[in-house]
Amino acid sequence: MPELTRRSLLASLGISAVGAALGVPLLAGARGSSSTGALLRSQLRLPDPFQRALPRPPELDPVRSDGATDYFEITQKESVAELLPGVRTAIWGYNGIFPGPTLVSRRGRRAVVNHRNTLPVPVVVHLHGGRTPPEHDGYPTDLLLPVGGAATNGHHVGSHNVTVGERDYHYPMEQRAATLWYHDHRMDFTAPAVWRGLAGFHLIRDDEEDRLPLPRGDREIPLLIADRSFAADGSLRYPSIDSSLTGAPGVNDPYRGGVLGDVMLVNGVAWPRAEVDGARYRLRLLNGCNARRLRLKLDPAPKDGSGLTQIGSDLGLLERPIRHEAIELASAERYDVIVDFGQYDPGTDVTLVNDFGAGRTVDVMRFRVGGSARDDSRVPDTLSQVPILQRADATVTRDLVFRSEEIEGMTGWTINGEPFSPDHIHARPRLGQTERWRLASDFHHPIHVHLAPFQVLSRGTGGPSAWDHGWKDTVDIRPFEHVEILIRFEGYAGKYVFHCHNLEHEDMMMMGNFETLA
Ligand code: C2O
Ligand code: CU
Ligand code: CU
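Residues in the sequence shown are numbered from 471 upward in steps of one, following the working numbering.
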């Protein structure tokens with residue numbers, strides 16, 4: 471009997487029982503262990519790649535600024551976008567666009583963002599990577615109800631702060647320059663809301679970074695990479711149990727392990743192309759997929775070999791640049807990289823490819839290299855100072871196991887056997903202290919911790935991987951892997967979440983709370 475349960479559980483995850491019996495789950499993607507999830511096929515003919523120009527999400531001007539604060543306004547609304555050439559797709563967008571507008575803040579200048587919700591469902595806004603007071607962090611039950619105040623749809627609202635129509639989110643921005651992003655975070659329904667378009671960049675700049683001779687202006691491009699699938703009528707396809715996103719949470723079998731799309735969007739356009747000068751560019755890569763892991767590289771590689779020079783991680787500059795031939799990034803991870811297109815002959819087509827893809831998900835986008843151009847940028851050997859946390863700095867060690875489990879007869883995802891509950895607190899760290907968290911997993915789980923930045927101490931039996939350096943807020947854990955992280959709790963006292971950033975896992979309970987104590 472236990473055997474049978476395990477099998478049906480795995481079947482419902484879209485994972486073959488044969489692989490499971492060997493202890494090696496057969497994961498989607500032809501090249502082995504790439505992502506946990508099942509491919510959701512589009513029902514219309516997919517376009518040829520590299521037809522449309524790469525858009526740059528527009529920067530949002532503050533509606534006003536004073537000595538210490540920039541004030542922004544965003545309306546969340548339904549609209550129509552051209553994600554596939556010539557196809558009209560209904561989306562949910564911040565100001566009606568996907569990605570949402572890019573917000574830019576200076577370190578130490580407060581950003582106050584007024585969000586107005588004209589969508590048919592409640593929303594929650596989270597600034598991912600932000601060191602934000604708890605009441606502004608987008609706790610999953612701190613709902614912003616639609617204008618006009620629809621019902622809370624059975625959400626547990628209890629003592630949480632629920633607002634109707636619009637509210638301000640306050641971000642102190644007392645943190646270093648980094649590529650942050652904002653996205654929906656409503657309990658049980660984050661995955662479909664982000665799938666429909668509720669995600670955008672929020673960049674923080676500071677003097678330290680400005681002093682570096684890095685590429686800037688047109689040569690600094692944020693790239694939100696996201697896979698999606700489309701129905702025959704051009705709408706976004708998603709296997710919600712309840713497509714109104716107000717009733718039962720989660721997705722149908724076999725997608726409970728994660729939803730993998732078959733179209734690669736970059737900044738909201740399928741397989742775009744960009745004309746670039748023969749010069750250095752700074753690309754801020756964000757994996758905005760719900761569940762898909764990416765392994766990105768340039769094809770062909772530049773003459774001098776490694777094509778991607780990493781200068782930053784999730785939470786800002788590395789101490790020194792790291793040259794990579796390829797970069798693996800899980801959902802929500804950011805890699806700030808420099809690419810020198812001056813290494814290519816003019817006229818070369820350079821494709822950004824995803825080695826973990828299969829078929830149409832191998833290609834991501836294409837760069838067409840123009841003539842050589844004036845380029846005063848450089849990548850200095852020293853970028854910043856990053857204090858390296860030591861094992862001995864940790865005053866507390868915690869074990870957290872991320873795994874699949876039957877919950878009320880359905881596959882769900884748990885942390886230490888507990889499905890998410892706003893009332894269960896896994897950890898009560900003191901502000902100013904460092905903790906060591908030992909994370910273990912069954913499948914691929916990209917684990918994200920709100921508020922508190924961390925460093926990867928070990929992975930498996932070795933040290934951090936080539937992609938684990940710098941300050942992180944999300945760490946990619948592979949099947950049956952153990953990862954140790956050192957987390958620095960600083961900032962604000964209160965209740966925050968940590969969770970798997972495979973958004974289907976998050977919606978299906980793989981989230982926990984910690985409460986920082988002053
Ligand atoms: Cu990017 Cu808790 O989320
Ligand atoms: Cu976050
Ligand atoms: Cu997960």
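For each residue, glycine too, the CB sits at the ideal point set by N, CA and C.
All values derive from a computational prediction rather than experimental measurement.
Would you kindly check if the distance between the Cβ of D747 and the Cβ of F837 is under 8 angstroms?
no
So who's on the other strand from Q780, going by DSSP bridges?
I792, V807
Is V967 near ligand 1, with its Cβ less than 7 angstroms from a heavy atom?
yes
Use the C-beta contact count for H975: other C-beta atoms within 10 angstroms, 16 or more gives buried, fewer gives exposed.
buried
Pull up the distance between the alpha-carbon of S629 and that of E875, whole angstroms please.
Because S629 sits at a pLDDT of 48, beneath the cut-off of 50, its placement in the model cannot be relied upon, and the following sentence gives the value as read from the coordinates. Those two C-alpha atoms are separated by around 29 angstroms.
Along the chain, where does the alpha helix (DSSP H) containing V664 start, and where does it finish?
660-665
Can you list, in chain order, the residues of its chain whose CB lies under 6 angstroms from that of D869, leaving out five sequence neighbours each side?
R908
For E954, report the span of its beta strand (DSSP E) as first-last.
952-958
Less than 7 angstroms between the CB of F890 and some heavy atom of ligand 3, yes or no?
no
Cα-Cα separation between S928 and T545, rounded to whole angstroms
42 angstroms
Identify whether H596 lies in helix, strand or coil by the three-state DSSP scheme.
strand
Nearest-angstrom Cα distance between P532 and L956?
36 angstroms
G599: beta carbon under 7 angstroms from a heavy atom of ligand 2?
yes
Beta carbon of H655 nearer than 8 angstroms to that of V574
no
Under the three-state DSSP convention, the category L706 falls into
strand
Secondary structure of R689, DSSP reduced to three states:
helix
Q925 by DSSP, collapsed to three states: which one?
strand
Is it true that the stretch 849-857 meets the stretch 788-795, where meeting means three or more beta-carbon pairs spaced less than 8 angstroms apart?
yes
Quick check on R762: does DSSP put it in helix, strand or coil?
coil
Please classify L987 as buried or exposed, where buried requires at least 16 other C-beta atoms within 10 Å of its C-beta.
exposed
Considering only residues of the same chain and omitting the five flanking positions on each side of G635, which have a CB-CB separation below 6 angstroms?
V617
Pull up the DSSP beta-bridge partners for N584, would you.
E543, D638
Just verifying my parser: in three-state terms, what is the DSSP assignment at E940?
Reading off the sequence shown, one finds Gly at residue 940, where the question assumed Glu. Looking at G940 - three-state DSSP - the assignment turns out to be coil, as it is neither helix nor strand.
DSSP bridge partner residues for H653 (one or two, in chain order)
H596, A669
List the DSSP bridge partners of L694.
L756
From D607 to S847, what does the alpha carbon distance come to, in whole angstroms?
36 angstroms
Alpha helix (DSSP H) segment containing E976, residue limits
973-977
Figure out for me which residue from F984, R580, P850 has the closest Cα to the Cα of R465.
This structure gives no information on residue 465, because the portion of the chain shown stretches from 471 to 988.
Reduced DSSP secondary structure (H/G/I, E/B, other) of E644:
coil
Is Q925 buried or exposed, if buried means 16 or more other CB atoms sit within 10 Å of its CB?
buried
Three-state secondary structure (DSSP) at A771?
coil
C-beta atoms of P517 and P555 nearer than 8 angstroms:
yes
Would you say the beta carbon of H914 comes nearer than 7 angstroms to a heavy atom of ligand 2?
no
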